[in-house]
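Undergrad: Once you've had a glance at the structure underneath, I'll fire off some questions.
Numbering (UniProt numbering), first residue to last: 1 to 488.
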């Protein structure tokens, strides 16, 4: 992530405000508390689900994104030392921290019931840990940002240049610890480069520093892109390896390590030419929810829209998509605990639903006597790999089903989100019997999205990473039922 392209400037706010007050003036502090109320959004799951907001030239309408996806939080990068030198915090090295444009952006998000995370560091630029002489001085500089915007969550993005310097790293990690001590309840994450081996030597140095200081942030996050990653399998493998590193470094059990682990992805085509699709995000999200990871986010919400025409760039993803599909995945991660915390909140319906956290099974939808496909299964059979838009009718297991909204891989009658309306029984199953050609399901095996197995006379396709989930009997719906099959 480059610092040069990430400052949120006045153009970001023009789209959502009509007035033009002094850009150096701060609004009264009392407006923040009034807008956020009891800070119902201030929960770890939401702060761990905040996609980055980066593009100053083509900013999205944040209130529209929040309304469409249920997203509550966004990460604002990056706080750096001034390019002129000294231990002074700035936005991007050249913009004062006390900035009316940023304040109005923060107020916009909070006014819509959300909140922001402020990220320190990033790739490139002078880090405060390099410019400040001690951890205390570094923490003092960051405290100015916390106070200016009443920040409840911060991220330390420790990348080059800076992590090559042991003293700079000590200043940054020490400042993170001091900020937590000075601001009880402050959410603190530490992000560093990921590799296919989990993390590299600098990442391990950060972990060792935190351990030596007796400091445990809310999570350690690895960036699973721009470093040789090839899709969700490589990302999940790296996360599993990093999980082991956390267990070994801190002497944690498996659950504790997962709870302090996070992943930062990049949607669409990356700077290095990697491509991460909605299916990749869905698979990694499922892994994160199943293992109760502490953070799932991506770079960046500005890119979460189709290109026109398909061209790589900071303002689009360079993959086929509908607007804000990738933000739907972070909304799902944040919404895992939202109903219990946000007054009157209900889990949002993202554009492309993924599997929610493991809970009790949702009651299947009731038959709709007025369904249009009741008389016969004339609709095409449901297919786990096909995307469906609202109003599409399919046939599955002797019933006709109508999609409520966009979905893919959600089994009619067995998905936890109830994205299908049961139109009632129809003549014929809509699913021809095939020969069982896939290998038998192994209860001790590990499967990723797209793997097929046979079990109980049926063929099943894995919808995401799964292990130990029996096809047809698991609450999470990890397997798409491809229909009955006969033995060869």
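Just so you know, even glycine gets a beta-carbon here, dropped at the ideal spot from N, CA and C.
Quick one: measure Cβ to Cβ for residue 299 and residue 52, integer angstroms, because I've assumed they're closer than 8 Å.
TA: Their Cβ separation, rounded to whole angstroms, is 5 Å, which keeps residue 299 and residue 52 in contact under 8 Å.
Undergrad: Could you check if residue 182 is buried or exposed, using at least 16 other CB atoms within 10 Å of its CB as the buried criterion?
TA: Residue 182 should be labelled exposed.
Undergrad: Going by the beta-carbon positions, is the gap between residue 481 and residue 438 smaller than 9 Å?
TA: no
Undergrad: Quick check on the burial criterion: 16 or more other C-beta atoms within 10 angstroms. Buried or exposed for residue 94?
TA: exposed
Undergrad: DSSP on residue 284, reduced to helix/strand/coil?
TA: helix
Undergrad: Any idea if residue 125 is buried or exposed, counting beta-carbon neighbours within 10 angstroms, 16 or more meaning buried?
TA: buried
Undergrad: Just to confirm, is the Cβ distance from residue 151 to residue 121 under 9 Å?
TA: no
Undergrad: Please classify residue 136 as buried or exposed, where buried requires at least 16 neighbouring CB atoms within 10 angstroms.
TA: exposed
Undergrad: DSSP three-state label for residue 126, please.
TA: coil
Undergrad: Between the beta-carbon of residue 73 and the beta-carbon of residue 153, is there less than 9 Å?
TA: yes
Undergrad: Checking the sheet assignment: what are the DSSP bridge partners for residue 481?
TA: 460
Undergrad: Decide if the segment 457 to 471 is in contact with the segment 273 to 286; the criterion is three or more beta carbon pairs, one per stretch, under 8 Å apart.
TA: Contact between the segment 457 to 471 and the segment 273 to 286 is present: three or more C-beta pairs spanning the two stretches fall below 8 Å.
Undergrad: Starting from residue 403, trace the beta strand (DSSP E) both ways and give me its first and last residue.
TA: 399 to 403
Undergrad: Where does residue 26 fall in DSSP's three states?
TA: Residue placement at residue 26 is flagged as unreliable, the pLDDT there being 28, under the threshold of 50; a coordinate-derived value is accordingly withheld.
Undergrad: Which two residues bound the contiguous alpha helix (DSSP H) that contains residue 232?
TA: 232 to 250
Undergrad: Given 8 Å as the limit, is there contact between the segment 85 to 100 and the segment 325 to 339, that is, 3 or more CB pairs closer than that?
TA: no
Undergrad: Considering Cα atoms alone, identify which of 304, 247, 259 is closest to residue 265.
TA: 304
Undergrad: Helix, strand or coil: how does DSSP classify residue 69 here?
TA: helix
Undergrad: Given that a residue counts as buried once 16 or more other Cβ atoms are within 10 Å of its Cβ, and exposed if not, what is residue 391?
TA: exposed
Undergrad: Within 10 angstroms of the Cβ of residue 171, are there 16 or more other Cβ atoms? Answer buried if so, exposed if not.
TA: buried
Undergrad: Does DSSP classify residue 143 as helix, strand or coil?
TA: helix
Undergrad: Would you report the Cα separation of residue 231 and residue 76, rounded to the nearest angstrom?
TA: The alpha-carbon of residue 231 is positioned some 26 Å away from that of residue 76.
Undergrad: Rounded to whole angstroms, what's the CA-CA distance from residue 110 to residue 101? Just pull it up for me.
TA: Their backbone Cα atoms lie some 14 Å apart in a straight line.
Undergrad: Consult DSSP for residue 299 and reduce its assignment to one of helix, strand or coil.
TA: strand
Undergrad: Report the partner residues of residue 189 according to the DSSP bridge assignment.
TA: 155, 219
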